[in-house]
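Colleague: One structure is given below, represented as structure tokens, and several questions about it will come after.
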Ligand code: DQA
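Residue numbers (our numbering): 29 to 173.
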């Protein structure tokens, strides 16, 4: 059974009430349920933290998984510490954003973690997490010779 780690960073624990017009009305628990229901045969572990050092520790822990999905929240835009932790990780990594960061404030267009991941998804809401898990599970089947 594939084991996939899903990490959510700073402020994502407030989903559901935080700017629903931008992030939707689902809580992080709702998203977790949606993703787990979509992949009954996959061992999915969800964690959220508001502490950057704890997130670094979680990223290191991801070495024991088959893939990592990460929504780093605002850290995305300035945390070289997360970049470096992700860069050292040797498992498939996907960056996810609920909102389309490219049509918001200019500073959200910059992701300092993107160079350290395999793929990035933005603007699909909770579907982005499902797309990220699908990519990790099936990416080898989709490789052209
Ligand atoms: C976010 C986008 C970030 O810019 C923001 O700081 C977040 C959430 C998203 O999921 O759309 O906290 O990562």
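Ideal placement from N, C-alpha and C gives every residue a C-beta, glycine not left out.
(1) Could you tell me the boundaries of the alpha helix (DSSP H) in which residue 57 lies?
(2) Give a single yes or no on whether residue 142 has its beta carbon closer than 7 Å to a heavy atom of the ligand DQA.
(3) Rounded to whole angstroms, what's the CA-CA distance from residue 156 to residue 125? Just pull it up for me.
(4) On the criterion of 16 or more Cβ atoms from any shown chain inside 10 Å, does residue 69 qualify as buried, or is it exposed?
(5) Check whether the Cβ of residue 102 sits closer than 7 Å to any heavy atom of the ligand DQA, and report yes or no.
(6) Would the stretch 98-107 and the stretch 125-142 be scored as touching if the rule is three or more Cβ pairs under 8 Å?
(7) Confirm the yes/no value for this check: CB of residue 129, any heavy atom of the ligand DQA, distance under 7 Å.
(8) Compute the distance between the beta-carbons of residue 148 and residue 117, then report whether it is under 8 Å.
(9) Note down, in chain order, each residue of its chain lying with its Cβ closer than 6 Å to the Cβ of residue 192, except the 5 sequence neighbours on either side.
Modeller: According to the structure shown:
(1) 56-66
(2) no
(3) 7 Å
(4) exposed
(5) yes
(6) yes
(7) yes
(8) no
(9) One cannot answer for residue 192 here, as it falls past the ends of the chain, which runs 29 to 173.
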